[in-house]
Amino acid sequence: MEQNIRKRRSLVILLLTLAVIVAAVLVTDRFSLRLDFSSDGANTLSKASRQIYKEIPEQVRLTYYISSALADRHPGPRSIEGFLRSVAAASHGKIAVDVADPASGNKEGAAQSLGLSAQRMQIVEKNEQRVALVYSGIVVQYLGRTQVLPFVLSTDTLEYDLVKAIKAAVADKKPVASILIGDADKSLANDFQTLSAALGKSGWDSKEVRPGDEVPPDSSVLIVLGNSGLDDYDSYRIDAYLASGGRALFAVRGVDVQIRQGLFASPLKNDALLRALEGYGIKVDRELALDASSLTAPFQVASPFGGQAVSYVRYPHWVMTRPEYRDAKNPLTAHCEGLDLFWPSPLEILPKSGVEAQALVKSTPKAWLQKERFALAPEEASQYAAEAGSTTGQYVLAASLSGVLTPAYAGKAPPKREGAAVLPALPQAPRASRILVVGSSDFANDLMTITDSAFNASFVASAADWLSSGEDLVSIKTRGSRDSRLSKVEDPNLRAALISLTYVVNLFLVPLLVLVFGLARSFRRKRLAKDEALLRAGSQAGSREIETPARETKEGGE
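Per the working numbering, residue 1197 is the first one in the sequence shown, and the count goes up by one each step.
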């Protein structure tokens, strides 16, 4: 009887266990648990991903096209599929995931028509080598609308790319970044190719706005690159855009640096855009900020053998900003990969009622200014720090303002320009806006390519996300980003000393230690061998001594 009760109890426990397992399987598409031990939560779904379902009226379908030949040979596809299923599990049923092999069921043509990119991969099978076309792309479909991630092989930026693609599919449009080139000697096509590529990669539709034209109302953000060529008519257009609630990034200068014919600089005295920014609450000083934390610049110099040569000079005018001096509470600057500023001007934050101001990027405390004489050329290196004694300190290099900005042209007659349209009146009730001001108009142009500073373009793309969408989206993009350059040491003398020490350690000390270790090990082995030989000899002698008396005793007994 008791045995039957135990059997029934075991059966009930087994059935309950199976029921729990089945229930867990059924709800895995709605609940998930991930453990993340990274320092900044880079492997945890962000708030933007977990709450994107609130922006999706109907179901979004994600189809991951992955070639089996690639999935069997690379760990990336497994991580990508796991991530997609985690997003779906957190979406309350609003996101569904399918996985398909383009090679099966004649789906390769469909994959190509959707815009997926095939990559060539060498495959070795049974001692035969061949080249195969493989796919690893994601198609986002919503109510007949499609967004495509053409080729994905890691989860490094997948969350950011996927969230933007889902938002674009649901909204049926890409966010628009209007770009205004404010320096007359530059153009978007010739000087900002790296930036244009970064904006496109981040899902932005870039449109150039000519100075004096109205900023398109559908602009999610306005990016103003330079200010030396803008007058009051141009500045009024920007003022009207901000008064209507627009968001803008300003890369501006207080000192006009000319590099095309020689290297010289002069302060901008009566700059219309700088006056407008000062009215909003950020003053751009007509000075240059130099820093001990700086980049190396290549200069063409006269060769002693005739002709031209390239000389690499530590150049304090090109400031390498440090992570510890960026705002750690703002997602735009907390984990950005890096930010290098060329000939920056310091900023002053002027308190304004109803406007929240943030100093996002600062120089190191070892920075100084050039106020009176701007020494820029490499042959003027002895004059770089002429004013350091009275100006050394820390300076704001990038700042933001949020709130209702007082229009710079409020209460004034709209500026006029001969042959141009009459400007409309400003909105009577300005709306809340947000702006970001960086005191360097050159940091976003292609000058970044010669200093390995391509993260400057990524910073602008992230700033566009932050200005237009708030903090959630940009926090995804900047997680896990780090400046990979070996740039912790700021002082050039200490840097040179450490480089010399590195050479000494690697070329002399390490080989010497290896030699000493080898000799010591050889000596120790010889000594152990000698001790072992002596011990063996002693043991043999003892055996003979024991054996001799025994033999004598035996003979005596006989």
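C-beta: ideal position from N, C-alpha, C; glycine also.
Limits of the beta strand (DSSP E) - the one that V1372 falls within: Note, V1372: beta strand (DSSP E), 1372-1377.
Just reading off the beta strand (DSSP E) that F1279 is part of, what are its end residues? It is not in any beta strand (DSSP E) - F1279 instead sits in the alpha helix (DSSP H) that spans 1272-1285.
Which word fits Q1504, buried or exposed, when buried means at least 16 other C-beta atoms lie within 10 angstroms of its C-beta? Under this definition Q1504 is an exposed residue.
Starting from the Cα of L1535, find the closest Cα among P1407, L1491, A1625, S1350 and give me that residue. Answer by Cα proximity: L1491.
Just the C-alpha distance for L1572 and I1375, rounded to the nearest angstrom, thanks. Taking the straight line joining both Cα atoms gives about 29 Å.
Going by Cα to Cα distance, which pick from T1517, A1328, Q1318 is closest to F1651? Checking every option, the nearest Cα to that of F1651 belongs to T1517.
Minimum length 4: unbroken alpha helix (DSSP H) runs contained in the segment 1479-1523: Fully enclosed alpha helix (DSSP H) runs of 4 or longer: not present.
Residues bridged to A1729 by DSSP? Note: A1729 sits in no beta bridge, so no partner.
Coil, strand or helix - D1467 by DSSP: Note: D1467 maps to coil in three-state DSSP.
For K1558, does the three-state DSSP call read helix, strand or coil? In this structure, K1558 counts as strand in the three-state DSSP scheme.
E1552 and L1593: beta carbons closer than 9 Å? 9 Å or more divides the Cβ of E1552 from the Cβ of L1593.
Hey, I1319 and R1269: beta-carbon distance below 9 Å or not? Result yes, Cβ atoms of I1319 and R1269 sit closer than 9 Å.
Give me the Cα-Cα distance between F1570 and A1616, rounded to the nearest whole angstrom. Approximately 37 Å between the Cα atoms of the pair.
Compare the Cα-Cα distances from I1262 to each of V1497, P1512, L1345, L1473 and report the closest residue. From the listed residues V1497, P1512, L1345, L1473, the smallest Cα separation to I1262 is found for L1345.
Short Cβ contact (9 Å threshold) for R1257 with Q1337: Going by C-beta atoms, R1257 is nearer than 9 Å to Q1337.
Three or more beta-carbon pairs under 8 Å between the segment 1697-1717 and the segment 1467-1485, yes or no? Contact annotation: the segment 1697-1717 does not touch the segment 1467-1485, with fewer than three C-beta pairs closer than 8 Å.
D1467 versus Y1476: straight-line alpha-carbon distance, rounded: Approximately 15 Å between the Cα atoms of the pair.
Assumed close pair R1341, V1327 - CB separation to whole angstroms, cut-off 8 Å: Contact annotation, R1341 with V1327: C-beta distance approximately 35 Å; criterion of less than 8 Å not satisfied.
Which runs of the alpha helix (DSSP H) fall wholly inside the segment 1528-1588 and span at least 4 residues, in chain order? If one requires a minimum length of 4 residues, the alpha helix (DSSP H) runs lying completely within the segment 1528-1588 are 1584-1587, in chain order.
Could you pull the DSSP bridge partners for T1342 from this structure? Answer is Q1337, bridged to T1342.
8 Å CB neighbourhood of L1210 in its chain, flanking five on each side removed: Same-chain partners within the cutoff: there are none.
Same chain, Cβ closer than 7 Å to L1207, five either side skipped, listed in chain order: Annotation for L1207: no residue places its beta carbon closer than 7 Å to its own, counting only its chain and skipping 5 residues before and after.
C-beta atoms of L1395 and A1595 nearer than 9 Å: Note that the C-beta distance between L1395 and A1595 is not below 9 Å.
Going by alpha carbons, who is nearest to T1529 out of S1332, D1661, A1364? Of the residues S1332, D1661, A1364, the one whose Cα lies closest to the Cα of T1529 is D1661.
Measure the C-alpha to C-alpha separation of L1619 and V1633 and round it to an integer number of angstroms. Distance between the alpha carbons of L1619 and V1633 is about 25 Å.
Quick one: what's got a C-beta closer than 6 Å to P1574's C-beta in the same chain, skipping five residues either side? Excluding residues within five positions, the ones whose Cβ falls inside 6 Å are F1495, V1509.
Using CA coordinates, which residue listed in K1397, I1248, A1439, S1350 is at the minimum distance from L1266? Here the closest residue by C-alpha is S1350.
Taking 6 Å as the limit between beta carbons, can you name the residues of its chain near A1604, skipping five residues before and five after? Closer than 6 Å at the Cβ level, and outside the excluded window around A1604, lie D1435, A1472, G1475.
Tell me which residue opens and which closes the alpha helix (DSSP H) that V1327 is part of. Boundaries around V1327 are those of the beta strand (DSSP E), 1324-1330, since no alpha helix (DSSP H) includes it.
Quick check: the Cα distance between V1506 and T1647, rounded to an integer number of angstroms? One C-alpha to the other measures close to 14 Å.
Is E1355 closer than 9 Å to L1384 when the C-beta atoms are compared? Taking 9 Å as the Cβ cut-off, L1384 and E1355 do not qualify as a contacting pair.
Span separating the alpha-carbon of P1271 from that of L1391: Going from the Cα of P1271 to the Cα of L1391 covers about 31 Å.
Buried versus exposed call for K1558 [16 or more other C-beta atoms within 10 Å across all chains shown]: That one is buried.
In whole angstroms, what separates the C-alpha of L1759 from that of L1724? Because the chain spans 1197 through 1754 in this model, residue 1759 falls outside it and cannot be assessed.
May I ask you to report which of helix, strand or coil DSSP gives Y1260? Strand.
Through-space distance from L1421 to A1444, alpha-carbon basis: In a straight line, the C-alpha of A1444 is about 11 Å away from that of L1421.
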